[in-house]
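Going line by line, the protein sequences match chains A and B.
Using the working numbering, you'd call the opening residue of the first sequence number 1 and step up by one each time.
Using the working numbering, you'd call the opening residue of the second sequence number 1 and step up by one each time.
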Amino acid sequence: MIPVLRLDRVSFSYGAVPALAAVSFAIAPGERVALLGRNGAGKSTLVRLVAGLERPDEGALWVGDWDTRDCVPEQLAWRVATVFQHADQQLFAPTVRDDVSFGPRALGVGERDVERRTDRALEDLGLTAHAGHHPYDLPPALRKLAALAGALALEPALLVLDEPTIGLDRALRARVTRVLLDRSAASVALLVITHDLTFAAETLERGLVLDRGRLACDEPLAGLVGDATRLEPLGLVPPPVAALSAALDLPGRPVCAADAARALARVARGRLAP
Amino acid sequence: MRSLTLDHASFWYPATESPALRDVSLEVGQGEVVALVGALGAGASTLLLVAADLAPRVTGGRLAGAVARRDRSGIVLPTPWTQASGMAFTVWDEVAFGPANLGWPTHEIARQVDRALEQLELVPLASRDPATLSGGELQRVIIAAILAMDPGLVLFDEPAAELDAEGAHTLWRLIRLLAREGKAVLLATSALDAIPDVADRVVWLEDGAVRAVGTPDLLADVAACDAGLGTSVATVWRAGGLPEPYPLTVAHAVQRWR
Numbered sequence: 001m002i003p004v005l006r007l008d009r010v011s012f013s014y015g016a017v018p019a020l021a022a023v024s025f026a027i028a029p030g031e032r033v034a035l036l037g038r039n040g041a042g043k044s045t046l047v048r049l050v051a052g053l054e055r056p057d058e059g060a061l062w063v064g065d066w067d068t069r070d071c072v073p074e075q076l077a078w079r080v081a082t083v084f085q086h087a088d089q090q091l092f093a094p095t096v097r098d099d100v101s102f103g104p105r106a107l108g109v110g111e112r113d114v115e116r117r118t119d120r121a122l123e124d125l126g127l128t129a130h131a132g133h134h135p136y137d138l139p140p141a142l143r144k145l146a147a148l149a150g151a152l153a154l155e156p157a158l159l160v161l162d163e164p165t166i167g168l169d170r171a172l173r174a175r176v177t178r179v180l181l182d183r184s185a186a187s188v189a190l191l192v193i194t195h196d197l198t199f200a201a202e203t204l205e206r207g208l209v210l211d212r213g214r215l216a217c218d219e220p221l222a223g224l225v226g227d228a229t230r231l232e233p234l235g236l237v238p239p240p241v242a243a244l245s246a247a248l249d250l251p252g253r254p255v256c257a258a259d260a261a262r263a264l265a266r267v268a269r270g271r272l273a274p
Numbered sequence: 001m002r003s004l005t006l007d008h009a010s011f012w013y014p015a016t017e018s019p020a021l022r023d024v025s026l027e028v029g030q031g032e033v034v035a036l037v038g039a040l041g042a043g044a045s046t047l048l049l050v051a052a053d054l055a056p057r058v059t060g061g062r063l064a065g066a067v068a069r070r071d072r073s074g075i076v077l078p079t080p081w082t083q084a085s086g087m088a089f090t091v092w093d094e095v096a097f098g099p100a101n102l103g104w105p106t107h108e109i110a111r112q113v114d115r116a117l118e119q120l121e122l123v124p125l126a127s128r129d130p131a132t133l134s135g136g137e138l139q140r141v142i143i144a145a146i147l148a149m150d151p152g153l154v155l156f157d158e159p160a161a162e163l164d165a166e167g168a169h170t171l172w173r174l175i176r177l178l179a180r181e182g183k184a185v186l187l188a189t190s191a192l193d194a195i196p197d198v199a200d201r202v203v204w205l206e207d208g209a210v211r212a213v214g215t216p217d218l219l220a221d222v223a224a225c226d227a228g229l230g231t232s233v234a235t236v237w238r239a240g241g242l243p244e245p246y247p248l249t250v251a252h253a254v255q256r257w258r
């Protein structure tokens, strides 16, 4: 199967300041990948490269069978949808619906398909009731969801999200998790920058960690987020649920809240049994 | 001593019928850290704007009730990049912009700026152009710029949002330090798991009104867990069907588990 995204020894610098050094990895359809690391590790730079806003200085970056050196961002939009960190500041249409439908309409898909994609994205993120509102009449958290809806409406092969949970309360974070799991089950690959390891553990399956521009780690998240000694030199801290599992030595060391609750209940019952 | 007092404060944004804050009474004392928690739209950000004297003065709208501030306040908005002066070519000058506008003597400006840069671990970035910083670095610069004005009342709206784990840890430690120096701190955060180590008191807002006030133990209550405002540990404990009281933190859980 052709990977949705493949980086082959990609390097990039801002003038004399190196940002990424010989980074290589590939992402399969439907894979859910977290991109982790300190502030300034190169995460956002990598997203700009994937979106086609910057070109690698060295190495190659493939989106499906397209070599991005031959692509402009408008072309990449057929396969990659990116929600930048402050995307809620970039909404521009007079209504949420217009904003969400702008992307597919700009791609040139038929009007009925534009309507279907827009309806689905709004519905999935619980924004249908806000479709007619002006984006800036909504609280920032819902504007953030509107920006995500715009990316979903592009129906990409790869969805790239930069810090999708900032400013969201727990209920909205759970809503985003549900939608992303849903899209991944339908073969949409996810590449998500986040400092929110709780969200990452609930939503994603594989962790890439950048450390000063180099790929320091590429492995399943479930093992990684509970391992404090390995996370620490990378500037990361286990999320509370993983820390709880480790501290209580819960079987299987679950990192998701629902799994941890089940393990806790099982062990507690075992203790009460004669 | 009280730094901020809200007495039956209600606030309406322009052209809205229902208030964003309803009859809120709250005191924040010097040396105290108070955390505002709540679901989306509960009113935490609005309360901070009122406390900062930005609402209704800048936002428009209408305030009922009384708000009294004893100290000069500084606010760190959830959109820190909008708070950069845009007139400084180095981090040092950006942090000096506020104190300079207060008309302080040069040596006092320098003292406050150096101190704020040190507190936010920004000394290595002092000569960088703010336009070249990452989101998390810029957030720390804005916090330093606010602290360099030596506000007695410091207001933070989601101050850790853009920070990595180390940056967040530094920030929470700094907030405790500010309280020890006698400053009053009022913060809104969705980082519920950080609150037990940071806040003296928690104010739970719901639909613009105060629903409950208490110690951080409030975040292990059944009601808070059910409203999505329990700490991760308390929430897992409740979901696992274990008996109350729920532990607030991993350390509490370990004690309970023995």
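Glycine included, each C-beta is placed from N, C-alpha and C at the ideal position.
- With a contact defined as Cβ atoms closer than 8 Å, LEU91(A) and LEU208(A) miss out at about 29 Å.
- Think of a sphere of 9 Å around the beta carbon of PRO240(A): the chain B residues whose beta carbon falls inside it are ASP193, THR231, SER232, VAL233, VAL236, THR249, VAL250, in chain order.
- The closest CA to that of PHE199(A), considering only LEU264(A), THR128(A), LEU161(A), is found on LEU161(A).
- Taking a Cβ-Cβ cut-off of 8 Å, SER18(B) has no neighbours in chain A, whose nearest Cβ is about 14 Å from it.
- Runs of beta strand (DSSP E) with 3 or more residues, each lying fully within the region 22-85 of chain B, are found at 33-37, 62-69, 73-76, listed in chain order.
- Under the three-state reduction of DSSP, ILE2(A) is assigned to coil, being neither helix nor strand.
- Residues of chain A whose Cβ lies closer than 7 Å to the Cβ of GLY241(B) are, in chain order, ALA265.
- A distance below 7 Å separates the beta carbons of ALA191(B) and ALA160(B).
- Looking at the backbone, the Cα of ALA168(B) and that of LEU219(B) are separated by about 20 Å.
- Any Cβ of chain B closer than 7 Å to the Cβ of ASP169(A) would place that residue at the interface, and such an atom is present.
- DSSP, read as helix, strand or coil, puts TYR136(A) in helix.
- Using a Cβ-Cβ distance cut-off of 8 Å, the region 164-171 of chain A and the region 15-24 of chain A are not in contact, since fewer than three pairs of beta carbons, one from each stretch, lie closer than that value.
- Secondary structure at TRP78(A): coil, using DSSP grouped into helix, strand and coil.
- As the crow flies, the alpha-carbon of ARG212(A) is around 9 Å from that of ASN39(A).
- Interface annotation, LEU153(B): not in contact with chain A, CB-CB separation never under 7 Å.
- Residues of the region 126-155 of chain A with a C-beta less than 9 Å from any C-beta of chain B: PRO139, PRO140, ALA141, LEU142, listed in chain order.
- Fully contained in the region 153-200 of chain A are the following beta strand (DSSP E) runs of length 3 or more, in chain order: 158-162, 189-193.
- Among the residues facing chain A, GLU94(B) is not included, as its CB has no counterpart in that chain under 7 Å away.
- Annotation for PRO196(B): the continuous alpha helix (DSSP H) segment containing it runs 195-198.
- As far as DSSP is concerned, PRO104(A) takes part in no beta bridge.
- Residue-level contact check: GLY207(A) does not touch chain B, since none of the beta carbons of chain B fall below 7 Å from its beta carbon.
- Note on geometry: alpha-carbon atoms of ALA34(A) and LEU48(B) lie some 33 Å from one another.
- Closer than 7 Å to the CB of GLY41(B) there is at least one CB belonging to chain A.
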